[in-house]
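J.: With positions in the sequence shown counted from 1, the corresponding number in the numbering used here is that position plus 3.
Glycine residues also receive a C-beta, built at the ideal position from the N, C-alpha and C atoms.
Please read these numbers as outputs of a predicted model, since none were measured by experiment.
Take a look at the following structure, please.
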Amino acid sequence: MAGVSLRHLYKSYSKNGPYVVKDVNLDIRDGEFMVFVGPSGCGKSTTLRMVAGLERVTSGEIYIGPELMNNVPPKKRDIAMVFQNYALYPNMSVFENMAFGLRLRKMEKHAIDTSVKANARTLEIEHLLQRRPRQLSGGQRQRVALGRAIVRHPQVFLMDEPLSNLDARLRVQMRSEIIELHRRLETTMIYVTHDQTEAMTMGSRICVMKDGLIQQVGTPEDIYLTPANMFVANFIGSPPINFIEGRLLPGKGGLYFHTARCALPLSPGKSETLLRQGYRDKAVVLGIRPEYVGIANEAAAGEAGPDADDETFQLRGTVHFTELVGADRYVHLRAGDDKLVMRAPAYERFEEGSTHRLVLNAGFMLFFNKDTQETIA
Ligand SMILES: Nc1ncnc2c1ncn2[C@@H]1O[C@H](COP(=O)(O)OP(=O)(O)O)[C@@H](O)[C@H]1O
Ligand SMILES: [Mg+2]
């Protein structure tokens, strides 16, 4: 097994063409499950294909373990790749598909037989070994593609959107099976997806990309709770984070986030940090995730508290529409020109057109520089 290191990796598909991968630097640890996530066209597949040796590197270095791979042909990289379209050999049986790579490596016949059968058992495709790919469902084909990869015991697995062709239910099931497979094999995996849920649930770490550039690398928790910029904050999380433009003005006890309609006190820690960084009187963007938006208990609103004095005029929102999503209800609100989504339990009901006083959890407010869109740490 081995880790993978990418050093100042660039890729352009034509001589004077634009770079579609730009200065990608990443250390993937031995045994890690690294997910590349980002919108279509951001360079995920290109990066993965360079690791596989299917695309040439324009500049930069790729290491698998301690070895420089730039000029090593794909066959000698000791990797196995699983594609979205499975790429099975249509005229071979499932057994032959799985055995193919082992035969190329001149493994002994009996050993091939044992290995294919053992791995087929793990993937629950043992009963399909004599079938042809066209006689299989999509999910079964994907299992065969996985099986063909794991029999080879490669140093690194590369997977490019392997679940995209499956229906939603099967996708969720295969997700957990791949996680389980990784736990058992403890082999380094690089997994590409455009689906943020897949990234969040599968990755030990996630690498978020946009326009060929890495935006942030971190654990799912890091990325969700402390996104590096507005792009990451918005791309990760469903329903997406709420953004409100406003200005930071001083008030009693610290900074307040002001818009035309509200003034919200920051947490003492945030207030201090933003003051220290010179954000007093500056325009910023507030980010707040839908689960940290709530509705004030109107009955308790009369009680004097630090939030109830003159300096805090609260945000009010009108219910535009609601969506029931399993255990959650997404409440779409309008506060003047601002749109907000609140995640509420499904059992709470909201009348369209009703207006409520909104409470944003100060401990989970994020602030972004309006010009650079970077998170203000
Ligand atoms: N073989 C190719 N020739 C020219 N341009 C390509 C080729 N493959 C991908 N691209 C371009 O490179 C960019 C990144 O593509 P890709 O790595 O496939 O993105 P992703 O996998 O994130 O959707 C896109 O703009 C795409 O159009
Ligand atoms: Mg792709």
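1) Given the structure, does Asp163 come close to ligand 2, in the sense that its CB is under 8 Å from one of the ligand's heavy atoms?
2) Any heavy atom of ligand 1 inside 8 Å of the beta-carbon of Cys210?
3) Between Ile193 and Met37, how many whole angstroms is the CB-CB distance? I'm expecting something under 8 Å.
4) Taking the beta carbon of Phe370 as the centre, do at least 16 other beta carbons fall within 10 Å, making it buried, or is it exposed?
5) Return helix, strand or coil for Lys25, following the three-state DSSP convention.
6) Counting only the same chain and skipping the five closest in sequence on each side, list residues whose C-beta sits under 7 Å from that of Asn28.
7) Measuring alpha carbon to alpha carbon, tell me which of Ala347, Gly6, Gly320 ends up nearest Pro157.
8) If I measure Cβ to Cβ from Leu166 and keep anything under 6 Å in the same chain, skipping five residues before and after, which residues do I get?
9) Along the chain, where does the alpha helix (DSSP H) that runs through Val288 open and close?
10) For Glu306, which three-state DSSP category applies?
11) Can you check which of these residues, Arg352, Pro42, Ile239, Lys112, is closest to Thr222 by C-alpha distance?
12) Within a Cβ cutoff of 8 Å, which residues of the same chain sit near Asn122, ignoring the five residues on either side of it in sequence?
13) In terms of residues, what are the limits of the beta strand (DSSP E) holding Gly254?
14) Quick one: is the Cβ of Ser43 within less than 8 Å of any heavy atom of ligand 2?
15) If you follow the beta strand (DSSP E) that Lys342 is in, where does it begin and where does it stop?
16) Buried or exposed: which applies to Gly56, given that a residue is buried once 16 or more other Cβ atoms fall within 10 Å of its Cβ?
17) State yes or no: is the C-beta of Thr49 nearer than 8 Å to some heavy atom of ligand 1?
18) To the nearest angstrom, how far is it from the Cα of Asn19 to the Cα of Val85?
19) I'd like the list of long-range same chain contacts for Leu318, defined as Cβ closer than 6 Å, with 5 residues on each side in sequence excluded.
20) Just grab the DSSP bridge partners of Cys210 for me.
21) Give me whichever residues DSSP pairs with Leu161 in a beta bridge.
22) Please state if the CB of Gly63 and the CB of Met212 are separated by a distance shorter than 9 Å.
23) Please determine, among His261, Met205, Asp198, the residue with the shortest C-alpha to C-alpha distance to Glu2.
24) Taking the runs of the alpha helix (DSSP H) that are 4 residues or longer, which of them lie wholly in the stretch 111–155?
25) With DSSP collapsed to three states, give me the class of Ile239.
26) What's the call for Pro93, buried or exposed, on a 16-neighbour Cβ count within 10 Å?
27) Just to check, is the beta-carbon of Val7 closer than 8 Å to a non-hydrogen atom of ligand 2?
28) Rounded to the nearest angstrom, what separates Glu35 and Thr191 at their Cα positions?
29) Can you list, in chain order, the residues of its chain whose CB lies under 6 Å from that of His335, leaving out five sequence neighbours each side?
30) Taking contact to mean at least 3 C-beta pairs separated by less than 8 Å, is the stretch 231–250 in contact with the stretch 285–300?
31) Could you tell me the distance, in whole angstroms, from the CA atom of Thr276 to the CA atom of Thr229?
32) Tell me whether Val23, by its Cβ, gets closer than 8 Å to a heavy atom of ligand 2.
33) Got a sec: does ligand 1 put a non-hydrogen atom nearer than 8 Å to the Cβ of Tyr16?
34) CA-CA distance, Gly366 and Gln280?
35) I'd like to know whether the C-beta atoms of Asp299 and His359 end up nearer to each other than 9 Å.
T.: In short:
1) Locating residue 163 in the sequence shown gives position 160, where the first residue counts as 1. Asp163 has its CB nearer than 8 Å to a heavy atom of ligand 2.
2) One-based indexing of the sequence shown puts residue 210 at position 207. The beta carbon of Cys210 sits no closer than 8 Å to any heavy atom of ligand 1.
3) As a working mapping, residue 193 is identified with position 190 in the sequence shown. As a working mapping, residue 37 is identified with position 34 in the sequence shown. Correct: roughly 5 Å between the Cβ atoms.
4) As a first step, residue 370 must be located in the sequence shown, where it is residue number 367. Classification for Phe370: buried.
5) As a first step, residue 25 is located in the sequence shown; it is residue number 22 there, counting from the start. Secondary structure at Lys25: strand, using DSSP grouped into helix, strand and coil.
6) Position 25 of the sequence shown, counting from 1, holds the residue named residue 28. Excluding sequence neighbours, Asn28 sits near Leu9, Arg10, His11.
7) Residue numbering aside, residue 157 sits at position 154 when the sequence shown is read from its first letter. Answer by Cα proximity: Gly6.
8) Locating residue 166 in the sequence shown gives position 163, counting from the first residue. The residues are Arg174, Met177.
9) For the purposes of this step, residue 288 is taken as residue 285 along the sequence shown, with counting starting at 1. If you look at Val288, you'll find it isn't in any alpha helix (DSSP H); it sits in the beta strand (DSSP E) that goes 286–291.
10) On the sequence shown, residue 306 is found 303 positions in, with the first residue counted as 1. Confidence at Glu306 is low in this model, with a pLDDT of 46, below 50, so its placement is unreliable and no value can be given for it.
11) Counted from its first residue, the sequence shown places residue 222 at position 219. The shortest C-alpha separation from Thr222 is found at Ile239.
12) To locate residue 122, count along the sequence shown from 1; it is residue 119. Hits under 8 Å: Met101, Gly150, Ile153, Val154.
13) Indexing the sequence shown from 1 puts residue 254 at position 251. Here the beta strand (DSSP E) through Gly254 covers 245–254.
14) Residue 43 sits at position 40 when you count from the first residue of the sequence shown. Yes, since a heavy atom of ligand 2 falls inside the 8 Å radius drawn around the Cβ of Ser43.
15) As a first step, residue 342 must be located in the sequence shown, where it is residue number 339. Judged by DSSP secondary structure, Lys342 falls within the beta strand (DSSP E) whose first and last residues are 341–348.
16) On the sequence shown, position 53 is the one that residue 56 refers to. Burial check for Gly56: the Cβ neighbour count within 10 Å reaches 16 or more, so the residue is buried.
17) Start at 1 with the first residue of the sequence shown, and residue 49 comes out as number 46. Yes, the Cβ of Thr49 comes within 8 Å of a heavy atom of ligand 1.
18) Along the sequence shown, one-based indexing puts residue 19 at 16. Along the sequence shown, one-based indexing puts residue 85 at 82. One C-alpha to the other measures close to 31 Å.
19) Sequence index remark: in the sequence shown, residue 318 carries index 315 (1-based). Cβ within range, chain order: Cys265, Ala338, Leu361.
20) Here residue 210 is taken as the residue at index 207 of the sequence shown, counted from 1. DSSP output for Cys210 lists Phe39, Val220 as bridge partner(s).
21) Residue numbering aside, residue 161 sits at position 158 when the sequence shown is read from its first letter. Leu161 is bridged by DSSP to Met84, Ile193.
22) In the sequence shown, residue 212 corresponds to position 209, counting from 1. In the sequence shown, residue 63 corresponds to position 60, counting from 1. Taking 9 Å as the Cβ cut-off, Met212 and Gly63 do not qualify as a contacting pair.
23) It is not possible to answer for residue 2, since the shown part of the chain is limited to 4 through 380.
24) Every alpha helix (DSSP H) of 4 residues or more that sits fully in the stretch 111–155 is shown, in chain order, as 112–125, 141–153.
25) Taking the sequence shown and counting its residues from 1, the one referred to as residue 239 is at position 236. Looking at Ile239 - three-state DSSP - the assignment turns out to be coil, as it is neither helix nor strand.
26) Along the sequence shown, read from residue 1 onward, the residue named residue 93 stands at position 90. Exposure of Pro93 is indicated by the presence of fewer than 16 other C-beta atoms within 10 angstroms of its C-beta.
27) Counted from its first residue, the sequence shown places residue 7 at position 4. No, ligand 2 has no heavy atom inside 8 Å of this Cβ.
28) Here residue 35 is taken as the residue at index 32 of the sequence shown, counted from 1. Here residue 191 is taken as the residue at index 188 of the sequence shown, counted from 1. Between Glu35 and Thr191, the alpha-carbon positions lie close to 5 Å from each other.
29) Position 332 of the sequence shown, counting from 1, holds the residue named residue 335. Cβ contact annotation for His335 (same chain, cutoff 6 Å, sequence separation greater than five): His323, Phe324, Val344, in chain order.
30) Contact between the stretch 231–250 and the stretch 285–300 is present, because at least three Cβ pairs lie under 8 Å.
31) Here residue 276 corresponds to residue number 273 of the sequence shown, with the count starting at 1. Here residue 229 corresponds to residue number 226 of the sequence shown, with the count starting at 1. Near 15 Å, if we compare the C-alpha coordinates of Thr229 and Thr276.
32) On the sequence shown, residue 23 is found 20 positions in, with the first residue counted as 1. No, ligand 2 has no heavy atom inside 8 Å of this Cβ.
33) Here residue 16 corresponds to residue number 13 of the sequence shown, with the count starting at 1. Because some heavy atom of ligand 1 lies under 8 Å away, the Cβ of Tyr16 counts as near it: yes.
34) One-based indexing of the sequence shown puts residue 366 at position 363. One-based indexing of the sequence shown puts residue 280 at position 277. About 19 Å.
35) Taking the sequence shown and counting its residues from 1, one reaches residue 299 at position 296. Taking the sequence shown and counting its residues from 1, one reaches residue 359 at position 356. First, the amino acid is wrong: residue 299 is Ala here, not Asp. Contact: yes.
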